[in-house]
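Numbering (full-length UniProt numbering), first residue to last: 1 to 1048.
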């Protein structure tokens, strides 16, 4: 970056560069407050102090206690009103009605070279003469407002962050010399486009996690607890269950228990309350009515509690009878509980074990009707403490778990439990009664229908002719059919939009900006049966359908041939895409024989199963290895089973033992176990790798049998993906909407939820970004050499461009921060509230890493709690041993150190060339039981010069030693003092080497590293690290010498 030689400009740029540190001379005591800085090791000087005698967590509020109060005194924190401080002021570094707006500039003004951040100082205007001033940070920051004060040029319209993120700048109305730049950027650099401007001072603002708005006063409600847009509140991945609207502020249900009369078996007379500046006991009743007052906050002042007694209970009386299927229970102390509806003696829900969830979403085993709800503990003496109970009734247009799914009905009304269209259900009942009517009436009605159909056909053909004339001027991917099938005009609307590799990413990005991406595309898909299903609804076949609304069409159903034992030709299965696929349901007890008859008669070689085997109604239709099951004339013998992280591969031999001559066939089943029924897989990479495995089967013959519990939804999504990805691989243009709709010609309800359609586009996008990095295993070494060569003119290699195109654009993923740790890992007696931060990263197959900033001594109880919870047996640290205090580990064999409930004893020590290995015996108590585990703690010593990367062979040796030690594939904890530079690189190389060792036919390193980077974007932040990773892989190929160190 070019900097003007003027001293004042140098001072300004120097000051901005120092913004990255956010350091302070006095460090915050993190157990008493939270930290504003992005780097958790740089805290504010003034902390929020928990008053004397107060319970841990009393400074936190909101669902799951995920928010921290920043009022100057906690007693003024109104937890029922988003933490508003009632005008009593905020702690240092925060402002706003609820003190959630961060003032970054307040932490910068006292530092050397940071005078421009002091708004009260008599600053001299600092010129910006360049047209593009770029400031690079060492950390990533999330900013939603920047205020520039001074004589600002009109040319400043935007401030740019990384990845072309922008803050839009406009002059403020209240101050003529102030420019306000607003938006939401997460960036490690900013660019100011300006000419002849000068700046007096700068203010930097950002919302605390989970808040949005100009003053950060509104709470985010995004899926999986992710953050929303800091200004608009829009959630990129959709609303959390039970919410809808542009910024997810609307609730999908009504709470019929709100304000209703409530009672409990007894009432506790004591609780902690604020008195002055401390907490004291007060005999204030914890009444049953506080559970239905609308405050679902886990906060002691808003909860009810019984005394310690036998079989305590709480009950609410509703205004009338309701069909109840789900509730929400908020509490900070739930024991084993039972939920009853009305006078039903059969529990709606029962949980036999204690649990520490702060909220529990209850789904009844089956809907029950009643005018009351009772929650009881039927397990001897206990205390029942509840903070809020919601009895849910979905609003019109919503159904399912927490009413999160939208009805896909023409009348927009559906059953709030099943989602079945009420209007369509009435039609189905009429059709069934019609079939049972008097024969004479039937004949009359049939004649009438025939007349109406003939009139309808005539009108439709006339309309079709005019339509075809208009469409002839439009270029279509597929020609208009010469004849119109039954009711095709309802859903076949050829789309003129072709998507190729150049514009599909833009198309998907535009759709993703909407509140519910692809909702219009999904609502346009048919939700009813479009063709006759006369065979499926015959009385003798109805029991062969798992669901009466998912039926095969007569023209596309698989017709079985009769054999010596069975004469029925019906099975709930449909041909798809010119008989390339067969979509079917998982067999029931009554259809297992039919399923294997179909496999035998259709000469199938591959079965794709998109469900797990743990569903309650799953029927074992596949034998164990070396076992044989018989299904009519067909026998099936298990031969092989290979288990992977999210799928299994099984081989079976099927044969007819009585056939002459004897004939047998080999069947390969690929079972994708990570596709929950009615939902979508967690990561697009999983299904891409799974599809690659299926298509590499040497015995692959068509048709491929694709099955799930319903035979719809996941099966339709997989088939659609396979078709579209094959077109992409052949460099054909995609008309995705037309291709998807055409599948509905052959089977109903290809997609059952909008998320499944969105997932198809997510996988296509991921494939387009990474499929170009597929490398044949036999060519891996030569290909790495080729893509690592720098171009003589641009000085860029192919690997550099892969990094910029594939890895650099990755945004913040599912890293786990301190505000979630209390819910995930806390032990109430020993855990303190700290700013300890971890990231959970999944790598290749079973590889799992826990990345952390090296813990301080006060953080050790929390650190070891995580280690034991996740069953880590290996810890790798890249600390600088020459400059850091290692007192948190025992220094002599036999010595012990205590951290809360954890005792660490050093039982062995090895000083190697690459590392120092401390073998620790970690013992602890849990629920009054004693446990211990052996942990290998590796202190890496070879990487002392952080400005240079170590030799490839050195890093490879470390990876192989740790991999050899971690033969049980348990999670590995990796930490270092500053960021994720060394730890992230180690995890990337470790997982990549394991993928190469598996010797898959096709290797895609970029896809694996992109998947890992989604969980923690701060790993592999530079093309040099990506190239380094590739070269370590190359060093591992054809070189057995690095295994010698492992054996030592």
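Even for Gly, the Cβ is constructed at its ideal location relative to N, Cα and C.
Being a predicted model, the structure only gives us computed values, none of them experimental.
Note: residue 363 is bridge-paired with 326 in the DSSP secondary-structure output.
Put simply, the stretch 909-917 touches the stretch 931-949. At least three CB pairs are less than 8 Å apart.
Nearest in C-alpha terms to residue 997, of all of 651, 336, 844, is 844. Under the DSSP assignment, residue 78 falls outside any beta strand (DSSP E); it carries neither an H nor an E label.
DSSP, reduced to helix, strand and coil, places residue 213 outside both helices and strands of the structure shown, so it counts as coil.
Between residue 252 and residue 107, the gap from beta carbon to beta carbon reaches 8 Å or more. Around the Cβ of residue 730, a 10 Å sphere holds fewer than 16 other Cβ atoms; the residue is exposed.
In this structure, the beta-carbon distance from residue 327 to residue 339 falls below 8 Å. For residue 228 and residue 870, the gap between their C-alpha atoms comes out near 29 Å. If you check the CB distance, residue 956 and residue 1006 do not come in under 8 Å.
Around the C-beta of residue 1024, fewer than 16 other C-beta atoms lie within 10 Å, and the residue is accordingly described as exposed.
Remark: C-beta atoms of residue 710 and residue 546 approach each other more closely than 8 Å. A distance below 6 Å between beta-carbons, with the five flanking residues on each side excluded, links residue 743 to the following residues of its chain, in chain order: 750. In the structure shown, residue 705 falls within a strand segment according to DSSP collapsed to helix, strand and coil.
Straight through space, the alpha carbons of residue 362 and residue 254 are spaced by roughly 16 Å. In this structure residue 93 touches residue 103 by the C-beta definition: roughly 5 Å separates them, less than 8 Å.
Ranked by Cα distance from residue 527, the options 535, 581, 748, 560 are led by 748. For residue 257, the three-state secondary structure derived from DSSP is coil. Residue 990: member of the alpha helix (DSSP H) spanning 981-997, first to last residue.
Burial state of residue 874 is buried, judged by a 10 Å Cβ sphere holding 16 or more other Cβ atoms.
Under the Cβ criterion (8 Å, minimum of three pairs), the stretch 585-594 does not count as touching the stretch 682-696. Within its own chain, the residues whose Cβ lies closer than 7 Å to the Cβ of residue 241, once the five positions on either side in sequence are excluded, are 401, 402, 404, listed in chain order. From the listed residues 672, 210, 662, the smallest Cα separation to residue 634 is found for 662. Ranked by Cα distance from residue 543, the first of 519, 518, 570 is 570. Here residue 973 carries a strand assignment [DSSP, helix/strand/coil].
For residue 338, the enclosing beta strand (DSSP E) has its first and last residue at 337-341. In this structure the stretch 785-796 does not touch the stretch 712-722; the number of beta carbon pairs closer than 8 Å is below three. Judged by DSSP secondary structure, residue 630 falls within the beta strand (DSSP E) whose first and last residues are 628-631. Under the three-state reduction of DSSP, residue 847 is assigned to coil, being neither helix nor strand. In the DSSP assignment, residue 262 falls within the unbroken beta strand (DSSP E) covering 262-264. Where residue 521 is concerned, the enclosing alpha helix (DSSP H) starts and stops at 519-523. The continuous stretches of beta strand (DSSP E) do not include residue 684, which lies in the alpha helix (DSSP H) extending over residues 684-695. Residue 585 has 708 as its beta-bridge partners, per DSSP.
Judged by DSSP secondary structure, residue 761 falls within the alpha helix (DSSP H) whose first and last residues are 754-770. Residue 308 carries a coil assignment under DSSP once its states are collapsed to helix, strand and coil. The three-state secondary structure of residue 943, taken from DSSP, is coil.
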